[in-house]
Each structure stands twice: as structure tokens, then as C-alpha cells.
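Engineer: Please read through the structure below; I'll follow up with questions.
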Amino acid sequence: MAKGYRARGVRQGGWGRTGLAAVVSVAYFFPVLWIILTAFKTHNDALATPPKFLFHPTIENFIAVFRRSYIKGFEAVDTGFALFFFNSIFVSASSVVIALAIGTLAAYGFSRFPLRGNDTYLFIILTTRMLPPIVVIIPIFLMFRVAGLSGGYAGVMLLYTAFNLPFAIWMMKSFFDELSGDVEDAARVDGSSETRVFSRVALPQVRAGLAATAVFGLILTWNEFLFALLLTGVGTRTVPVAMAQTIGGDIGVRWGLLAAIETLFLVPVIVVSFLLQHQLLRGVTFGTIKR
Amino acid sequence: MSDLLVSGAVKRFGDVEALRGVDLEVGAGEFFCVLGPSGAGKTTLLRAVAGLERLDAGTIRSGGRDLTHAPVQGRGIGMIFQTFALYPHLTVHDNLAYPLREARLDPAQIERRVGEVAELLRIGHTLRRRPATLSGGEQQRVAIGRAIIRRSKLLLLDEPLTNLDAKLRHDTRVEFKRLHRELRMTMLYATPDQLEALTMAERIGVLREGRIVQVGTPRDLYQAPGDSFVAALVGAPRMNLLPAVLANGGRAVALPFLEVDGGPWATALGRFPAGTELWFGIRPHDLAPTVDAQAGPRFRATVHLTEPLGDVTVLDLTVGGTVFKMVLPEERAVRYRVGDEVPVGFAVANTHVFSRQTGTAIR
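Line by line, the protein sequences are chains R and B.
Everything in the first sequence is counted per our numbering, starting at 1 for the first residue and increasing by one.
Everything in the second sequence is counted per our numbering, starting at 292 for the first residue and increasing by one.
Here it is, written out as C-alpha cells:
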């Protein structure tokens, strides 16, 4: 691959370009940095004008995420945020895993065993993502109500799976399309059954694609607010919903607390992206860097 | 004894007929080349034999078994793909071991065979590497290794040299001949390159638009091409095919600048009416300046272009609007320059005549 870079005349940028890239990166990263800084500020520091960049950090906000008193002077009580974090992780992870499992199989099918009107099917699958969620939310809410799916884990997981599926199918199909059919034929000649051609030859070649699809799906699901607001109950509430509810209050918004929730909320996304970064980098370039 | 018998093979892809009734018989242990231009159906034929394509009609038998409807797995055939088709996610070792693992051989035996094949193909040093880190020649040898490791009787090779550079092609041709001798496998080798076919094959089948048009030894095809297509395909530079008509009461072939008679085709021409349109064929190697030529037809032509190839030079000659090629050893060609007039002669025994209507050779 290194040879390929040289052949195409791609060179490492000089300090000028690197510096420019750094400035742009900081501009993009600044809001995130601001949130993280605010999470470590006291209420007064958080509201100070001009904004403070040097201050005594405190972790009181992080403690308050999980235990705080709702009325001044009363005993601090459990806020339930541990559960909400668990809910977010559980719901996102399971729906992405399910969508990825079904989506990968479907994508392989669409890619390798096309039906008559294959593209039509793919288009129909995509149309399920064309309506803005707000348009379908009332029918979905009613359907889930009648079916007894609202309020529990099953309902919201089902919905998120359905949301991730078209995206997983399309993305994984593009990765399968890029593989050489000869390699799979070679496996057939070498004695592999169709199942093993898929599991031993095709699937290992799209690991980068799986990682990229998983991360995109996770972020999408992790941040979803609207359906979570309507379809989760008290025990199955996810972090974005709980966060929104924290904004309300009689003594103004507690920015430090919100920032602390937000900071904790970022951690899983960063961890997953970090763990998968090698695969991800290959995945998100969508094969523009040739083997 | 035949090891592979294809009869009446027909394969359609939508409206396109890739194979239009191919009959082929390959002997046990034979090195058989399927020669044809791209699009002739070579790959489809090999894929059908491997079981990767299902025939619309016809049968395939190998090793005494009817394979026509047998699934691809378990046909016991090795195949080398034009793109090599190595498993990119596996090391060379695991690529070689793959067919054996799928056959559930015991691990000790797998190790032993991988070792043997790696030694046979001199790729022992690459076993722990991934295919992408290998040179083209090494990848090629891994592909060969993976195809022969199961010791199947029949090996299919689909243009295996197309993706290699010129030097490697030569080396690998030698390698294939060595492997064929050492492994005693039946080899069915598809190529668009007449040189590969002539140098390696024991017999060649020429495939044209989904049909086998001629089968024979390299010598047969070179000396007695069955039609003008084979004549133009086999031999380099290609045979000169000049438009001519049957003249002189059906005995002589009239070129615009010369009348030739008494060739090996003379008797057979008697069956055709005068005025029949013909191709007159002569190989560039069979033309020579008359100072050296024996008795026979001769004419004067003008040098139009010279192409020195090192040991020989190809001269493009023109005579009255007709352009053709002559090959001369370098030392004899140096004296001719563009614009010079050359007296050219040839032996009638080396000439070919084809019907312009059907392309069939007349002899």
C-alpha cells in the first residue's frame, strides 16, 4: 500500500498544511472541548462572562449526575442515570448487532444472488428511511401502543433495528460488491459449501465494512431522541431523553450538570471508535484506497 | 483414454450464446490449450468444467464420472484463475492449506503437504505473509500451489499468465511445463496468446465465438490451419492473407500482381468455379528475397516500413496497394531501407488457400 501512495505522488504534507489542518480541527473540536471543560466547572464558573479557561476543576457535576437532591437542603437521592446509561448501551448495542447480522446476510444476498428487479427491492428498502421521523411517529406510536410494545425494551429495540437495517444493507452491499467474485469461486472449487464461502471467505474480507457500519449505526442509535421519548417508559428511558428532562428546573439550567452528562455520554462512542479505528479508517474510505 | 470429455456444451447468458455446442476430448495427462481471442468463450468453458457455470445443454464427463449436474464442490478439479483469486485475509500457508482443511484432512498431513508444495514451487519463505505483500510471480506460484495441493487429476488454468510481466511469463511457461511433467496432471489451459499455446500445449483447440473450429497439435495448426481464422491466430507475425480469385480454368490463384499455381491446394481447387473469391495465405517467414530463393513464383515489392526486433526484422512491403509482411534475419535485412525495391519469392508448397466465403482451407 505504501508503494501505491508513492506511485500516485502522495507525499506527507509540510508544516504549513499541517498547521492549517490543526486550526480547522480545533475549530471543529471546540464545542466538544467546551462541553468537557464546562463539566468540570462550578455553576458560577460555568456562567462566568467572559468565559473562563483557567479554573479549579471539580467533579461535583459528575457526582450530581448520579446522586443529587432535587430540592435545596434535602438529602441527595439516586437520579437513575446509571440505569439510563445501561439502557442506552443495551438498546443501542443490541439493535445494532441484530441489524448488522440481518443486514449483512441480506446485503450478501443482494450482492451475490441478485433477484429480478434487485435494484427495485434495494430502493424500496431505502424509501423506509426517506420520511422524516416526525411524519411517521404518530402511526408508529399507535401501532406500538396497540401491540403492547411501547414502554419496554423490545419495542424500542425493534424500532432501532428497523432503522439501522436499510443503512446496514446498503453499506454492507457496497462492501460485498467490491470483493472479487473469483475469490469466492476459488473457495467453491476448493470444496467450500455456500455457507462456508460466506463465513470463511466473504465475511472476513469485509471486517472493515462491518466495523464502519457498526460505528455509524451505534452513533445514530445512541443519539436518537424522538422515538426514545415516546416509546420508552420510566425503566427503559435512554440518556438523551433523561438529559432533556434534566434541562427543566425552577432555578435555571444547570449547565455544569448537563455538560457532565454529555461528557459521560461521549465516552462510549469514543471508546468504540478508538477500538475499531484501524478497521474504521479502511471502512470509511469505501475502498477508495485500492488493495 | 480420455480424462475429460465435453460434448455439445451450450451456455447462454441472456441473449448471448457464450458456448454454442463445444465438443472437446482431453486425454489423461495431456496438456491441452484452448486458444481463442477474448470473448470466444474460453473462461465460460473452463468455469463450466469446474462447475461454476451450469450448462444449458451438453454433458461434461471426467474420470469416468458424469459431472454435468454435479455441484462444484467435490468435482475434484483444481483451478487457477486469471486474477489468481488468493484469499486476501489468509496467509500463504493458510491459502495453501485451505482446500485440504475443507476436505478435513488431518492437521499433520496438511502441514506435510503444504511443506511439499511450498518446496516444489519455491515459496517456502513466503508462508507467513499475506498475498498482498507478494510479488506477482510469487502470487502466481501460490495460486498454482493451492490448485495442485489436493492432487486432483485435472487442472484448469484460465489465462494464468495475463497478469504477469513479460519476463515472468517466459519463466512461468517453463514452470508449467516442468509441473506438467512432474505432476502428470491433465491440464486444460485457456489463453488468447498463440505463443503460450504453441510452446506449452501437446494439443490445441481453437475456440471461436463459442465453437471449437480446429483441434490439433501445435504443428498441425501452424502448418495446416483449417480456416483463415486459425491461420491468422496462430503464428507471429500473423500469416499474410491476401485477397485473390480463382483463375485460369480453376487451376491458378490470381493475386492482383501475380498468378500462382501448383500449390498443395491445386487439385482441391478444381471443385470450385472460376472467379471464386479466395484468401491467399503465406507466412512472413516463408517469404524471402529471390536472390536466395529457389525456383518458384517471384515478384517485386517496395519496402514500406521496417521493424527491427533484434534477431529478426519485420519488413512491411507493398505491391500495387497490397500490404504484407516479410521476416528476415537481421543481417540480411539491414541492406533494405524504406522505399527500396525487393525481389520477393516463395515456395508454393508453403502457401495456403482459403475460401473467402466460408474461410475454410482448401487443400
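Just so you know, even glycine gets a beta-carbon here, dropped at the ideal spot from N, CA and C.
At a Cβ cut of 7 angstroms, what residues of the region 381 to 403 of chain B count as close to chain R, listed as they run along the chain?
Structural biologist: Tyr389, Pro390, Glu393 and Ala394
Engineer: Which residue spans inside the region 544 to 580 of chain B form an unbroken beta strand (DSSP E) run of at least 3?
Structural biologist: 549 to 552 and 568 to 573
Engineer: Which bits of chain R does isoleucine 368 (chain B) rub up against, with CB to CB less than 9 angstroms?
Structural biologist: Under a criterion of Cβ atoms nearer than 9 angstroms, the residues of chain R adjacent to isoleucine 368 (chain B) are, in order, Val189.
Engineer: By the criterion of Cβ-Cβ separation under 8 angstroms, what are the contact partners of leucine 343 (chain B) in chain R?
Structural biologist: Asp185, Arg188 and Val189
Engineer: With a cut-off of 8 angstroms, does the C-beta of threonine 613 (chain B) fall near any C-beta of chain R?
Structural biologist: no
Engineer: In chain order, what residues of the same chain lie with their CB nearer than 6 angstroms to the CB of leucine 159 (chain R), ignoring the 5 residues before and after it?
Structural biologist: Phe227
Engineer: Using 8 angstroms as the threshold, is the C-beta distance between leucine 524 (chain B) and valine 644 (chain B) below it?
Structural biologist: no
Engineer: For glutamine 431 (chain B), count the other beta carbons within 10 Å of its own beta carbon; 16 or more makes it buried, fewer makes it exposed. Which is it?
Structural biologist: buried
Engineer: Under a Cβ-count criterion, where at least 16 other Cβ atoms within 10 Å of its own Cβ denotes burial, should tryptophan 556 (chain B) be classed as buried or exposed?
Structural biologist: buried
Engineer: Return the CA-CA distance between glutamate 344 (chain B) and alanine 361 (chain B), expressed in angstroms with no decimal places.
Structural biologist: 11 angstroms
Engineer: What residues of chain R sit near glycine 436 (chain B), judged by a beta carbon separation below 9 angstroms?
Structural biologist: What glycine 436 (chain B) touches in chain R: nothing, since even the nearest Cβ is about 12 angstroms away.
Engineer: What does a CB cutoff of less than 8 angstroms around threonine 246 (chain R) pick up in its chain, not counting 5 residues either side in sequence?
Structural biologist: Arg254, Leu257, Leu258 and Ile261
Engineer: Given this structure, state the Cα-to-Cα distance separating aspartate 385 (chain B) from serine 443 (chain B), to the nearest angstrom.
Structural biologist: So the two alpha carbons sit approximately 19 angstroms from each other.
Engineer: Going along the region 559 to 593 of chain B in order, which residues come within less than 8 angstroms of chain R, judged by CB to CB distance?
Structural biologist: none
Engineer: By Cβ distance below 8 angstroms, which residues in the same chain neighbour glutamine 485 (chain B) in space, the five residues on each side in sequence not counted?
Structural biologist: These residues qualify, in order along the chain: Leu326, Leu524, Val525, Gly526 and Ala527.
Engineer: Report the partner residues of phenylalanine 323 (chain B) according to the DSSP bridge assignment.
Structural biologist: B:Leu479 and B:Arg494
Engineer: Quick one: is serine 180 (chain R) near chain B, going by C-beta distance under 8 angstroms?
Structural biologist: True, the Cβ-Cβ gap to chain B drops below 8 angstroms.
Engineer: Could you say which of B:Leu445, B:Leu452 and B:Glu493 lies nearest to leucine 358 (chain B) if we only look at CA atoms?
Structural biologist: B:Leu445
Engineer: I need the DSSP call for alanine 309 (chain B), collapsed to helix, strand or coil.
Structural biologist: strand
Engineer: Name, going along the chain, the residues of the region 199 to 224 of chain R whose beta-carbon falls closer than 9 angstroms to a beta-carbon of chain B.
Structural biologist: Arg200, Val201, Pro204, Gln205 and Arg207
Engineer: If glycine 117 (chain R) sits next to threonine 232 (chain R), beta carbons under 8 angstroms apart, how far is it from one beta carbon to the other, in whole angstroms?
Structural biologist: Not quite, the Cβ-Cβ distance comes to about 38 angstroms (not below 8 angstroms), so this is no contact.
Engineer: Compute the Euclidean distance between the alpha carbons of lysine 290 (chain R) and alanine 202 (chain R), then round it to the nearest angstrom.
Structural biologist: With a pLDDT of only 46 at lysine 290 (chain R), under the threshold of 50, the placement of this residue in the model should not be trusted, and no figure is reported.
Engineer: Quick one, are the C-beta atoms of arginine 464 (chain B) and glutamate 487 (chain B) less than 8 angstroms apart?
Structural biologist: In contact: arginine 464 (chain B) and glutamate 487 (chain B) (Cβ atoms closer than 8 angstroms).
Engineer: State the DSSP-derived secondary structure class of alanine 2 (chain R), mapped to helix, strand or coil.
Structural biologist: With a pLDDT of 41 at alanine 2 (chain R), under the threshold of 50, the modelled position of that residue is not reliable, and the figure given next carries that caveat. Here alanine 2 (chain R) sits in helix by DSSP.
Engineer: Secondary structure at isoleucine 247 (chain R), three-state DSSP: helix, strand or coil?
Structural biologist: helix
Engineer: CA-CA distance, threonine 581 (chain B) and arginine 589 (chain B)?
Structural biologist: 7 angstroms
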